[in-house]
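K.L.:
The structure's right below; bear with me while I get my questions together.
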Amino acid sequence: MRTERRCPVKMNGKERLKALIETVYLAYRNVLAAPPKPPRTPFTREDIQEHERQKALRALDALEKRMGDA
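Numbering (my numbering), first residue to last: 75 to 144.
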């Protein structure tokens, strides 16, 4: 069974359509007026550089170990 939610203000069909169009228009205009958000990344440039440095150190340690075993 479906229940309809009624608008507390009495409006005919044209008025409701006009109100809906106005609401959508205002929401769209607000989205366009909002400044663009920067891309989301949890890491800073320093975090990425530190990660790359750690990766290089691990690779160097592995190479030294292989050279020592040979």
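Positions of the beta carbon are idealized from the N, C-alpha and C atoms, including for glycine. All of these numbers come straight from a predicted model, not from anything done at the bench.
From what residue to what residue does the alpha helix (DSSP H) around Arg-141 run?
P.N.:
With the sequence shown as reference, residue 141 is identified as Met, and Arg is not the correct amino acid for it. It spans 119 to 143 - the alpha helix (DSSP H) in which Met-141 sits, taken as one unbroken run.
K.L.:
What separation, rounded to the nearest whole angstrom, lies between the Cα atoms of Gly-142 and Glu-126?
P.N.:
Cα to Cα, the separation comes out at about 24 Å.
K.L.:
Could you check where the alpha helix (DSSP H) with Arg-114 kicks off and where it finishes?
P.N.:
Per DSSP, Arg-114 belongs to no alpha helix (DSSP H) and is neither H nor E.
K.L.:
State the Cα-Cα distance for the pair Val-105 and Glu-120, rounded to the nearest angstrom.
P.N.:
For Val-105 and Glu-120, the distance between alpha carbons rounds to 33 Å.
K.L.:
Using the three-state DSSP reduction, which class does Asn-104 fall into: helix, strand or coil?
P.N.:
Helix at Asn-104.
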